[in-house]
Amino acid sequence: MTVSHLISLAEEVERYLGDPHDPSSRMSYQRILEHDESERYPHELVDVLHEWGLHTYLLPEEWGGRAIDVEVGFNLLRLVARRDPAAATAVMLTDLAFMPAWIAGTAEQREGFVRAITDGTKMAWGLSERHHGSDVLANEMRAEKVPGGYLLSGEKYLIGNATVSDVVSLQARTDERGGPGGWSLFAVDKRECAPGTFEHLPRERLHGLRASDLGGFRLDQVFVPESSRFGEEGRGLEISIKGAQVARISICSMSLGAVDTALRLAMDFAEQREIFGRKVVEIPYSRRQLAECFADLLIGDALCTEAVRGLQGNPAQASVFSSVVKYFVPTLLERTMAQTSVVLGARLYLRDHPHFGVYQKMMRDVLVAIFADGNTVVNLKNIALELHELLGTARDPGEELRAGAEKSVGLLYDVDAKLPRWQPQRQSLFSRGKDDTVLAMPDGIERLRALAERQHDPAQRRWYLRSAEVAQRLMGELDRLHEGTTRLKQRWGKEYSTSDELFRLGEQYCAVHAGAALVHLVTRSADVLQDPMPDGAVLLLCLERVWRQFRSDEPVTDIDVIDRVVEVLRWQHSEHRLFSHWQFRLRASSS
Ligand SMILES: Cc1cc2nc3c(=O)[nH]c(=O)nc-3n(C[C@H](O)[C@H](O)[C@H](O)COP(=O)(O)OP(=O)(O)OC[C@H]3O[C@@H](n4cnc5c(N)ncnc54)[C@H](O)[C@@H]3O)c2cc1C
Numbered sequence: 263m264t265v266s267h268l269i270s271l272a273e274e275v276e277r278y279l280g281d282p283h284d285p286s287s288r289m290s291y292q293r294i295l296e297h298d299e300s301e302r303y304p305h306e307l308v309d310v311l312h313e314w315g316l317h318t319y320l321l322p323e324e325w326g327g328r329a330i331d332v333e334v335g336f337n338l339l340r341l342v343a344r345r346d347p348a349a350a351t352a353v354m355l356t357d358l359a360f361m362p363a364w365i366a367g368t369a370e371q372r373e374g375f376v377r378a379i380t381d382g383t384k385m386a387w388g389l390s391e392r393h394h395g396s397d398v399l400a401n402e403m404r405a406e407k408v409p410g411g412y413l414l415s416g417e418k419y420l421i422g423n424a425t426v427s428d429v430v431s432l433q434a435r436t437d438e439r440g441g442p443g444g445w446s447l448f449a450v451d452k453r454e455c456a457p458g459t460f461e462h463l464p465r466e467r468l469h470g471l472r473a474s475d476l477g478g479f480r481l482d483q484v485f486v487p488e489s490s491r492f493g494e495e496g497r498g499l500e501i502s503i504k505g506a507q508v509a510r511i512s513i514c515s516m517s518l519g520a521v522d523t524a525l526r527l528a529m530d531f532a533e534q535r536e537i538f539g540r541k542v543v544e545i546p547y548s549r550r551q552l553a554e555c556f557a558d559l560l561i562g563d564a565l566c567t568e569a570v571r572g573l574q575g576n577p578a579q580a581s582v583f584s585s586v587v588k589y590f591v592p593t594l595l596e597r598t599m600a601q602t603s604v605v606l607g608a609r610l611y612l613r614d615h616p617h618f619g620v621y622q623k624m625m626r627d628v629l630v631a632i633f634a635d636g637n638t639v640v641n642l643k644n645i646a647l648e649l650h651e652l653l654g655t656a657r658d659p660g661e662e663l664r665a666g667a668e669k670s671v672g673l674l675y676d677v678d679a680k681l682p683r684w685q686p687q688r689q690s691l692f693s694r695g696k697d698d699t700v701l702a703m704p705d706g707i708e709r710l711r712a713l714a715e716r717q718h719d720p721a722q723r724r725w726y727l728r729s730a731e732v733a734q735r736l737m738g739e740l741d742r743l744h745e746g747t748t749r750l751k752q753r754w755g756k757e758y759s760t761s762d763e764l765f766r767l768g769e770q771y772c773a774v775h776a777g778a779a780l781v782h783l784v785t786r787s788a789d790v791l792q793d794p795m796p797d798g799a800v801l802l803l804c805l806e807r808v809w810r811q812f813r814s815d816e817p818v819t820d821i822d823v824i825d826r827v828v829e830v831l832r833w834q835h836s837e838h839r840l841f842s843h844w845q846f847r848l849r850a851s852s853s
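Everything in the sequence shown is counted per my numbering, starting at 263 for the first residue and increasing by one.
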């Protein structure tokens, strides 16, 4: 899908949902907060989204849905999440529960589910169990083979859409010994379960996403026919991991949406509030805070752009970019929210405030991306496990690999480039030491220098050149990280993968990857992004934020950079644009 098509679709949904500050709009903050306060599942809001057809953009076109490119569904969810992460999650969960059918289902399953979901069937994804959390290979739910099908028994706990769902996709043990080939996935249609065999667990009360339907279920010899199994017996783990790669990326739309609203509210406040004789937005310290929050959103935006496009354009490396994005974006944006809070001050505490009341909800809701769909630490561990190999390749990839990476980066980061059809079954479980975003970094830096030379404005040229320097230094950190993993391997031997220091190196690798993603997006999409993007000062501040992961006290930007970034931010805010490289026009009022 072209950028202009995506933007027009995004603007269509915004127009349909209306200004969230207007209580009479279809999806207003007032109504959203009523659901949050009363902890009622947002049926009416989900219905509004269904009426527009949002869920169909998450279902493959070839079987009757309207999804062609993953980035469309992702960005639509992000726009819903900027209003209500609870309603966005409710819709997303059905999509995630459908993933096993998309990855490994029969034609009948795929078409059947697409039809049913289009008509309003809700689904839940049942992986987690009370006693095992991230250790899914210890899960206990069993599927006992019987003539014509299976008998499922066990419990799933902390499951979204637990009671409102009609169908649940479940992971169960088909081999007593477990192990990688010991799991299978099944669709259980609750409406077809024999009486007394399927029981809902009590709903949990939540800190954030209070309107969500989080609970669980207990199955006691639920019969499911063989035709309800997704893929061959024993493929459950592989299918779950591929589905999880998608889920990890999708959930980041919650972080981006929630923090967009947080920054928008902070800007509304900063533009209006006068203190000590001037507006908050004119106070130097506040300006830096706001500019940095904007930069953080753009870092998340760049990483998510890579990841959603990567599912189609680079499925062989899905294990790396889905883990990088899931570790880096929610962790970064949770901290960003603490920074927008500093600007907003006391108003963040006012639950009933007609304009700022939704802020406290976003503060709570944003946390969901930290643990759902794979805890932060689990994602960091995924990186850690591949880290030594990734760094080894990055040190000396050879010409062929480097050229391949540059080509692949061209597809991922030129947001107008046409992507191949999404085939989630092609996603790999391991990237075999390859991370094209990092491998193509030298080329990205060269392109950045060339972009600098094309600037007529001397300040822009200076900022782009400085950005290239910072990116070069970031890339230089790869050698140090490689020395680190080599040393750890020597010191820890077989225990290497559990060392806490390895996780720290993994965090820093993600930061280098984020810096590379920014450089690629700006250079490869420079001609497609609309004014005022790309911008040298904005890029430089983004890279400073990343660089701070290595040298927290080393200044990269000066007051001129902050002034320019605030200028861009104020323009996007006053023009009601999403805080993104994409220029989506939003429905938003600021007072
Ligand atoms: C709002 C909400 C919605 C949810 N929706 C669903 C759903 O729809 N479907 C579903 O199946 N589940 C769902 N869950 C469950 C959730 O995904 C799991 O609880 C989570 O993935 C497991 O992580 P945990 O935080 O419970 O931590 P645990 O797995 O219990 O781990 C505890 C701690 O141990 C550490 N740790 C964990 N693994 C490692 C590791 N490999 N290496 C080192 N340290 C580690 C981490 O610090 C972690 O915080 C939901 C949970 C919530 C709260």
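Ideal Cβ positions, reconstructed from N, Cα and C, are used throughout, including at glycine. Quick caveat, the model's predicted, so the values are computed rather than measured.
By Cβ distance below 6 Å, which residues in the same chain neighbour residue i in space, the five residues on each side in sequence not counted?
i           : result
residue 225 : Nothing can be reported for residue 225, as the shown portion of the chain is limited to 263 through 853.
residue 499 : 442 and 445
residue 808 : 773, 776 and 777
residue 394 : 400 and 401
residue 292 : 285
residue 725 : 798, 799 and 802
Secondary structure at residue i, three-state DSSP: helix, strand or coil?
i           : result
residue 795 : coil
residue 617 : coil
residue 402 : coil
residue 822 : helix
residue 357 : helix
residue 477 : strand
residue 289 : coil
residue 563 : helix
residue 312 : helix
residue 774 : helix
residue 482 : strand
residue 689 : coil
residue 541 : strand
residue 448 : strand
residue 751 : helix
residue 347 : helix
residue 443 : coil
residue 782 : helix
residue 546 : helix
residue 813 : coil
residue 839 : strand
residue 717 : coil
Does any CB atom of chain C fall closer than 8 Å to the CB of residue i?
i           : result
residue 836 : The structure shown contains no chain C; it holds only a single protein chain.
Whose C-beta lies closer than 8 Å to the C-beta of residue i among residues of the same chain, with five residues either side of it excluded?
i           : result
residue 463 : 417, 419, 424, 477, 478, 479 and 480
residue 287 : 279, 280, 281 and 849
residue 322 : 329, 364, 372, 376 and 684
residue 646 : 759, 764, 765, 767 and 768
In its own chain, which residues sit with a C-beta less than 7 Å from the C-beta of residue i, not counting the 5 before and 5 after it?
i           : result
residue 527 : 606, 618 and 621
residue 459 : 481, 482, 483 and 484
residue 252 : Given that the chain is displayed from residue 263 to residue 853, the structure contains no residue 252 and the question cannot be resolved.
residue 631 : 513, 514, 516, 517 and 592
residue 584 : 507, 510, 511 and 569
Going by C-alpha distance, which of the options is nearest residue i?
i           : options               : result
residue 305 : 346, 270 and 266      : 346
residue 486 : 455, 514 and 338      : 455
residue 818 : 733, 514, 383 and 783 : 733
residue 830 : 822, 800 and 820      : 800
residue 348 : 826, 624 and 361      : 624
residue 839 : 310, 825, 748 and 523 : 523
residue 210 : 277, 582, 437 and 828 : No answer is possible for residue 210: it lies beyond the span of the chain, which begins at 263 and ends at 853.
For a test of your reading of the model: does the CB of residue i fall under 7 Å from any non-hydrogen atom of ligand 2? Yes or no.
i           : result
residue 633 : Of the ligands this structure carries, namely ligand 1, none is ligand 2.
Practice problem: Decide if the region 690-708 is in contact with the region 768-782; the criterion is three or more beta carbon pairs, one per stretch, under 8 Å apart. | Solution: In short, these stretches touch, since the Cβ pair count reaches three.
Self-check item: Cβ contact (3+ pairs, closer than 8 Å) linking the region 354-370 and the region 500-511
Solution: By the Cβ rule, the region 354-370 counts as touching the region 500-511, because three or more pairs are nearer than 8 Å.
Quiz item: Do the region 531-538 and the region 599-616 touch if we need at least three Cβ pairs shorter than 8 Å?
Solution: Contact between the region 531-538 and the region 599-616 is present, because at least three Cβ pairs lie under 8 Å.
Quiz item: For the region 719-738 against the region 755-772, are there 3 or more C-beta pairs whose distance is under 8 Å?
Solution: Touching, no.
Quiz item: Does the count of Cβ pairs from the region 538-547 and the region 289-304 closer than 8 Å reach three?
Solution: Contact fails: fewer than three Cβ-Cβ distances are below 8 Å.
Quiz prompt | Contact between the region 731-746 and the region 644-661 (3+ Cβ pairs under 8 Å) | solution = Cβ pair count under 8 Å is three or more, so yes.
Quiz item: For the region 835-845 against the region 558-573, are there 3 or more C-beta pairs whose distance is under 8 Å?
Solution: Taking one beta carbon from each stretch, the region 835-845 and the region 558-573 have 3 or more pairs nearer than 8 Å; the two touch.
Quiz item: Three or more beta-carbon pairs under 8 Å between the region 321-332 and the region 656-665, yes or no?
Solution: Below 8 Å, too few C-beta pairs join the region 321-332 and the region 656-665 to call them touching: fewer than three.
Quiz item: Below 8 Å, can you find three or more Cβ-Cβ pairs linking the region 673-692 to the region 781-800?
Solution: These segments touch.
Quiz item: Would the region 379-396 and the region 705-718 be scored as touching if the rule is three or more Cβ pairs under 8 Å?
Solution: No: fewer than three Cβ pairs fall under 8 Å.
Quiz item: Hey, is the region 794-809 in contact with the region 550-562, meaning 3+ C-beta pairs nearer than 8 Å?
Solution: With a cut-off of 8 Å, the region 550-562 and the region 794-809 count as touching, because enough Cβ pairs lie within range.
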